[in-house]
Amino acid sequence: MSTHSAIIGFGLHLPQNRIRISEIAESRQEDGAAVRDSIGVEEKTVPDADEDAFTLAYEAGKQAIDVAGIKPTEISAVFVGSESHPYAVKPTSGMVADALNVDPFCHCADLEFACKAGTAAMQIVDSMIRAGQVRYGLAIGSDTAQARPGDALEYTAAAGAAAFVLGPEQSRAALCRIDRTISFTTDTADFWRAADSSYPSHGGRFTGEPGYFHHVRTATQGILEVAKISPAEIDHVIFHMPNGKFPSRIAKECGFTDAQLATGFIVPRIGNTYSACSLLGLAHVLQSAKKSERILLVSYGSGAGCDAFLLTMLRNGVNLPGVAELPRYLSYSEYRERLAARL
Amino acid sequence: MYNPPERMPQDIFLIGAGQTRFCEQWDMSLRDLIEASVTAAITDAKLSAIDIDMVIVANMIGDAVADQAHLGALAASLLPHRPPALRVEAACASGSVAVHTACSLLRSGDVGTVLVVGAEKMTDVPNEVVSRALMGASDAEKDAAAGLTFPGIFGLVAQRYQHDYDLTREQLSLVSAQHHQHAVTNPNAQFQKAIPAEMISESPLVADPLRLLDCSPISDGAAACILSVKHRSPFRIAASQLSTDTLSLADRPTLTSFSATKEAAQKAFREADITRDDISHIELHDCFSIAALISLEDLGFAEPGNGISFYEQPDPNLTINQSGGLKACGHPVAATGVKQLIDLRRELRASGEQFGLAHNFGGAGATCCVHLLEHAA
Amino acid sequence: MPPNTPAVLARAKKNRDRRSQAGTIVSYTTVRHPPAGFAPQPRRIAVIALADGTQTIGVVTGDEVIAIGQTVLPRLRLNRVSHDGLRGYDIAYEPVATVREPLQTPFPGYILALTGPSGVGKSSINLLLATVLSDQVAPVPIVTTREPKAHDGTEYRYVTTEEFQSLREQGQLATWADIPSQDERRLYGYVVSDIEAIWQSGKIPSVVTEMHLLQGLAQHYGRRSILSCGLLPPGRSRRKMLSTLLHRLRHRGRDTEQSIRDRVRNAEADLRFFADRADLFDHLIVNEHLDGAVEQVKGIVLELVKA
């Protein structure tokens, strides 16, 4: 049993393909530069036809285990959050656990809570470690988000995965301790996808204040209050990034500066990777943050709710190995072909 | 290598043969094709049907496309006396392996006259179904499971061959062009028009670097021949040899040479006690254009990388696929191995020369049969 | 192909671990119209020679131009889906970015690279070699931004971070790596002119290196240029090897206990690297005794020089 759990390893995986937002805009006869500037996103990732939330989760998980320096068989919990699980019934977490050669005596289940399913996974693994139920666990957020062609979401819906190996805070490899986590939940229909639909629907501007801003604001203020900490004491803040504008708006409102937001602000070059989004921001921060720095992470999932975490670096950040290949840029028709070829 | 026991010196003669045209035979079922070729062969042999002691049927995808297996019984019941019958399958080598099986049974003394018929019905179902069935010739777990098709397998061979020997696209196109040119005078061929090399170079890609016109077509057809140790004819089977290789290309040390061809050829020349210089006509297995080049090299008629020399400067003393080969005649899979003997017989009759070589393989050369046909005066 | 049914999929899964190796392309093709059940788009398939000497047939990801001989890395991908939605996943192969066609670039020369976990004795071997083979081999200094330490030999050249970045920006580094340690981020690299000066003097440059720098050198000069020796501690199993390293590091007396533990952890990764990237190593030498190991490396170099 451990008072706190800590991140001892982390990994990420992004598809190699990209498409520029201006390219999508121009396919609709809109002004590419104007759309890009208004959304605050340059380009997003596009999965290959043979990549899905499971393959991305696997690659990210593999890297996280390598970074953690533990054997896969030492892991006994795997939780995967996504809104594009490959199956409606057949858990991604089971497939990931098996593919990574984790100990088969392992707690596994899939999570869905729109874009905060990955952080929910992290809360569960954190709790299991603190309860002494497991020693090491793996929490993953992974998505290959789809958007209806012509819909606003098409500009930002992207694909990616981030994985975290958590262990007791006393672990030798402990990198970043989870000091505190809270969640805030309501029933708010800002964005949803019916069980038999390929594409989600959303409430347009309703996704703003009644959705994102209300929940993120409340959760942020909530965790600052219970932890008795002020914004100035936070070195890095990461919010869920549905686009390039919402995070800086809520950051300012809650008293954070652009400098605090900068390191984890990964959406302009990647897009909104849904369940992986805020976790990818965290992965970026973990590479360059310094010992003793404090991190605030607030994810948001439509439907709606937030998970907020307060974390402390136990040692300096660790660089992930560089990616061997350069991103590949697609034209709009290549992008559509790739999506059409998905099985 | 298995060394068969010393054989009884029983000569096996090709006493009759007949085939349907190879093409899209919309009006004929598999049964109809078998019947037509069998009737033609029996007529040609000037025999009665009841002279046939046994029927051996060669067929590869009857089960997959028509749910029809058990073809030995089907063919036998086309004859009034329903002789003993069996079916042979060795992918695209089914025809020659059926001939080889007939030869072994004839030499054993159990039978005196055997009817061999190779037949295939490929046009009743969509191409994807045929393509999938044909992949049964490769390793289902290693090759097919990755999404390979047969053109893909030979695409891998061609890509490596081009890398190793600097074969150009223009050179490769000479192969199909030559085969189509030969078929102009073959009434049994599926395609009887010449196709210029440029058109081959520009045909759509199927499995890079192979293009549509590098690939033998899907066809219906049947070919039958009658072999006997009881009756004689001017045409003798001088050699019948069978060799095998690994099923998957991944298990081979090289992609640009098929050891089964090399081995079967060596054994055949030894059995017939002749050399390559004695051969006047070759009918080889050009399922894809690259296969023709590799086969010429593996049969020992060209150095590795130099098979193309026969297409750049045809040898007047050695014809290659004078029938048009698989590319121009069509390739109803199991019929090809039998049809090649019929072609050699016709070519030897016309030229008056003595020896012809038939080369037939299955899959990526995983099974190979080489037959040498002798034309005694 | 085998039907995409539960039993077939379960058996096929057993193959994945074996196929999950780096390899090189033996040949490739693009199947323009894959069979039903596979993604309906052109599919690149290759024969891959795997690091363990076996071959396999696998999909090649992406659509960059690839070449025979190119290195590929294993990736898990969706292979096909049955008519009732059962998904079969398998290992596909991702081409590594830079490909050098050996025929196109002139052969620059050989570099002797000694790679191995901390404590295995690379520096000792390198220094001894420089004496024993002083006519054939010359060590390449490692440029680093870390602070000089008391025990450092002459192998390092210390620069500031700004100087390092400047070398990088001017393209003067053959390769570089950012190797984090307990308390700082440290940059390491080799300067092109240092290596070339040794070649010009008629000798073989030798480097003491680690996995990232080794890969970088192989990419920069071509794999064929690197005469790559992996140094292993004695021990039948990895556990035994790590135990040997631990004792050697303690015996060396140079590092704090924490630093030693970090090094052993890195060593575990190094040992895995030897297995995963067997293609990057020409020889694996067990350093049982310093003299024995030096003799082995000396033998390898002299054989090369003779050829």
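Protein sequences appear in the order of chains E, P and C. Per our numbering, residue 1385 is the first one in the first sequence, and the count goes up by one each step. Per our numbering, residue 2 is the first one in the second sequence, and the count goes up by one each step. Per our numbering, residue 76 is the first one in the third sequence, and the count goes up by one each step. For each residue, glycine too, the CB sits at the ideal point set by N, CA and C.
Backbone secondary structure at residue i - three-state DSSP
| i | result |
| --- | --- |
| Asp1563 of chain E | strand |
| Phe1630 of chain E | helix |
| Val66 of chain C | Any answer about residue 66 of chain C is impossible in this case: the structure gives chain C only from 76 up to 382. |
| Gln242 of chain P | strand |
| Ser1683 of chain E | strand |
| Asn1485 of chain E | coil |
| Pro177 of chain C | Here Pro177 of chain C scores only 39 on pLDDT, less than 50, and its place in the model should not be relied on; the value that follows carries that caveat. Coil. |
| Ser1714 of chain E | The sequence shown places Leu at residue 1714 of chain E, rather than the Ser named in the question. Three-state DSSP puts Leu1714 of chain E in coil, outside helix and strand. |
| Met29 of chain P | coil |
| Met55 of chain P | strand |
| Met1506 of chain E | helix |
| Phe23 of chain P | coil |
| Pro1399 of chain E | coil |
| Arg346 of chain P | helix |
| Gly1701 of chain E | coil |
| Ala111 of chain C | coil |
| Arg254 of chain C | At residue 254 of chain C the sequence reads Ile, which differs from the Arg that was named. In this structure, Ile254 of chain C counts as strand in the three-state DSSP scheme. |
| Ile186 of chain C | strand |
| Ala50 of chain P | helix |
| Gly264 of chain C | strand |
| Thr1768 of chain E | Chain E is shown only over 1385 to 1727; residue 1768 of chain E falls outside these bounds and no answer can be derived. |
| Gln1447 of chain E | helix |
C-alpha distance - residue i paired with residue j, whole-angstrom precision
| i | j | result |
| --- | --- | --- |
| Ser340 of chain P | Ser303 of chain C | In the sequence under discussion, the amino acid at residue 340 of chain P is Lys, which differs from the Ser named in the question. If you take the alpha carbons of Lys340 of chain P and Ser303 of chain C, they lie about 57 Å apart. |
| Ile1650 of chain E | Lys1474 of chain E | 31 Å |
| Arg175 of chain C | Ile100 of chain C | Here the model assigns Arg175 of chain C a pLDDT of 38, short of 50, so the residue's position is not dependable, and the following value carries that caveat. Whole-angstrom Cα-Cα distance: 13 Å. |
| Arg1577 of chain E | Ser1686 of chain E | 11 Å |
| Gly308 of chain P | Leu345 of chain P | 21 Å |
| Gly1393 of chain E | Arg91 of chain C | 24 Å |
| Thr1457 of chain E | Asp1487 of chain E | 4 Å |
| Ser95 of chain C | Ala126 of chain C | 10 Å |
| His82 of chain P | Leu149 of chain P | 44 Å |
| Ala94 of chain P | Ser312 of chain C | 50 Å |
| Val339 of chain C | Ser193 of chain C | 8 Å |
| Val176 of chain P | Asp1415 of chain E | 53 Å |
| Gly1478 of chain E | Glu285 of chain C | 36 Å |
| Gly310 of chain C | Glu343 of chain C | 13 Å |
| Ile143 of chain C | Thr255 of chain P | 14 Å |
| Val212 of chain C | Ala205 of chain C | 6 Å |
| Leu365 of chain C | Ala1505 of chain E | 50 Å |
| Thr1602 of chain E | Ile1618 of chain E | 17 Å |
| Ser281 of chain C | Ile273 of chain C | 9 Å |
| Lys1629 of chain E | Val156 of chain C | 39 Å |
Residue i, enclosing beta strand (DSSP E) - first and last residue
| i | result |
| --- | --- |
| Asn361 of chain P | 356–363 |
| Tyr164 of chain C | 162–170 |
| Asn128 of chain P | Taken as a continuous stretch (DSSP letters only), Asn128 of chain P belongs to no beta strand (DSSP E), being part of the alpha helix (DSSP H) at 128–135. |
| Tyr1658 of chain E | Premise fails: Tyr1658 of chain E is in no beta strand (DSSP E) and is neither H nor E. |
| Lys197 of chain C | From DSSP, Lys197 of chain C is part of no beta strand (DSSP E) but of the alpha helix (DSSP H) over 197–207. |
N-terminal and C-terminal residue of the alpha helix (DSSP H) that residue i is part of
| i | result |
| --- | --- |
| Asn154 of chain C | No alpha helix (DSSP H) contains Asn154 of chain C, which is instead part of the beta strand (DSSP E) from 146–156. |
| Ser290 of chain P | 290–299 |
| Gly242 of chain C | Inspection of the sequence shows that residue 242 of chain C is occupied by Leu rather than by Gly. Run containing Leu242 of chain C: 236–244, per the alpha helix (DSSP H) assignment. |
| Arg327 of chain C | 313–327 |
| Gly1424 of chain E | It is not in any alpha helix (DSSP H) - Gly1424 of chain E carries neither H nor E in the DSSP assignment. |
Any residues in the region 1438–1471 of chain E with a beta carbon nearer than 8 Å to a beta carbon of chain C? Which ones, in chain order?
Phe1438, Thr1439, Tyr1442, Glu1443, Asp1450, Gly1453, Pro1470, Tyr1471
Interface positions of the region 143–157 of chain C facing chain P (Cβ-Cβ less than 8 Å), listed along the chain:
Ile143, Asn154, Arg155
Selection of the region 107–137 of chain C by Cβ proximity to chain E, strictly under 7 Å
Ala114, Pro115, Gln116, Thr136, Gly137
Segments of 4+ residues assigned as alpha helix (DSSP H) that fall wholly inside the region 247–332 of chain P:
260–273, 290–299, 310–313, 326–330
Got a sec: which bits of the region 120–137 of chain P sit with their beta carbon under 8 Å from any beta carbon on chain C, in order along the chain?
Glu129, Ser132, Arg133, Met136
In the region 154–173 of chain P, which residues sit with their C-beta less than 7 Å from some C-beta in chain C, listed in chain order?
Gly156, Leu157, Gln160, Arg161, His164
Which whole runs of the beta strand (DSSP E) in the region 54–110 of chain P are 3 residues long or more, in chain order?
55–59, 86–89
Below 7 Å between beta carbons is the criterion; list the residues of the region 181–214 of chain P that meet it against any residue of chain C, in chain order.
Leu206, Val207, Ala208, Asp209
Mind checking the region 323–354 of chain C against chain E and listing, in chain order, the residues whose C-beta falls within less than 9 Å of any C-beta there?
Gln333, Arg336, Asp337, Arg340, Asn341, Glu343, Ala344, Arg347
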